[in-house]
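Residue numbers (my numbering): 13 to 289. Where is the CB? At the ideal position from N, CA and C, for every residue including glycine. Note that this is a predicted model, so its numbers are computed, not measured. Read the structure below first, then the notes.
Below is the structure:
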């Protein structure tokens with residue numbers, strides 16, 4: 013892999029990982045544009061680790077408050093830690109639901125839906141969902157203290173939809189959270205904190221993909237460059253999404269999904285099976 017390719021892949025992964033536009037679809041499109049095929053899933057896992065590191069550092073205070081509050085409540089049942097405890101519990105519940113259902117559903121994600129036509133359709137569905145939540149649904153005002161176990165179960169199920177190629181993980185969790193009446197700030201915070209265990213968990217399960225051969229195939233310098241670039245642009249993507257949510261501009265992401273869907277459908281062979289594992 014050249015340094016230029018490493019930079020481009022890092023930018024694409026970083027900027028799209030947390031935006032509701034499906035990073036998987038973008039990585040696949042980028043591979044096709046450059047005629048480059050990754051050696052297994054190792055490189056994608058590697059870039060995901062850079063993305064999740066950006067989330068951990070950006071939300072380090074929130075993460076620390078949830079962790080300390082969670083264990084603090086377990087030890088003394090203090091009222092001041094109650095909200096953090098249950099918020100952490102809701103993250104755990106949603107993660108287990110996503111992991112459990114995602115594991116079983118992944119076996120049923122047949123090659124027939126890993127085509128440009130299907131991915132274009134999934135991106136279009138994402139776009140319409142974003143338009144609906146933006147234009148036709150009244151935003152709620154429920155915060156962390158108002159969340160329930162049912163919320164975490166439904167969001168976990170919604171997040172599971174990301175196993176479908178072209179469905180955005182962040183987009184599905186945001187849409188479902190907002191539909192449940194969570195206020196925008198809470199929905200964004202919940203979505204980002206949910207990304208940490210989900211991405212780390214999927215990365216750990218695929219660690220066997222990482223090997224010396226992977227390093228030799230990609231190259232040491234491209235790996236370093238792509239990791240740094242992914243981290244930087246993941247941070248930019250996080251900040252960007254938070255600002256967009258504050259201004260209620262999800263419709264722009266919807267338009268973008270439609271544009272990408274059209275490009276995928278009309279510029280790629282609709283019947284080609286795409287490697288989007």
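| Check | Outcome |
| --- | --- |
| For residue 154, the residue or residues it bridges with in DSSP | 194 |
| Secondary structure of residue 234, DSSP reduced to three states | helix |
| Residue 176, enclosing alpha helix (DSSP H) - first and last residue | No alpha helix (DSSP H) holds residue 176; DSSP gives it neither H nor E. |
| Contact the region 82-90 vs the region 255-270: 3+ CB pairs below 8 Å | no |
| Candidates 168, 249, 169 and 214, of which the one nearest residue 28 by Cα | 249 |
| Residue range of the unbroken alpha helix (DSSP H) whose run includes residue 164 | 161-172 |
| As assigned by DSSP and simplified to three states, the class of residue 140 | helix |
| Reduced DSSP category for residue 73 - H, G, I as helix; E, B as strand; rest coil | helix |
| Neighbourhood of residue 46 by C-beta distance below 7 Å, restricted to the same chain and skipping five residues each side | 17 |
| Inter-stretch contact (C-beta, 8 Å, three-pair minimum) for the region 98-105 and the region 155-162 | yes |
| For residue 31, three-class secondary structure by DSSP | coil |
| Span separating the alpha-carbon of residue 68 from that of residue 253 | 16 Å |
| Option in 188, 31 and 14 with minimal Cα separation from residue 251 | 31 |
| Best match in 234, 58, 186 and 241 for proximity to residue 256 [C-alpha to C-alpha] | 186 |
| Anticipated Cβ contact below 8 Å, residue 78 with residue 99, distance rounded | 6 Å |
| Reduced DSSP category for residue 13 - H, G, I as helix; E, B as strand; rest coil | coil |
| C-alpha gap between residue 166 and residue 208, whole angstroms | 18 Å |
| Between the CA atoms of residue 130 and residue 146 - distance to the nearest angstrom | 24 Å |
| Where residue 127 falls: helix, strand or coil (DSSP) | coil |
| Member of 258, 261, 210 and 128 whose CA lies at the smallest distance from the CA of residue 37 | 128 |
| CA nearest to the CA of residue 243, picked from 39, 40, 56 and 64 | 64 |
| First and last residue of the uninterrupted alpha helix (DSSP H) at residue 148 | Counting along the chain, residue 148 falls outside any alpha helix (DSSP H), and DSSP gives it neither H nor E. |
| Straight-line Cα distance separating residue 35 from residue 234 | 20 Å |
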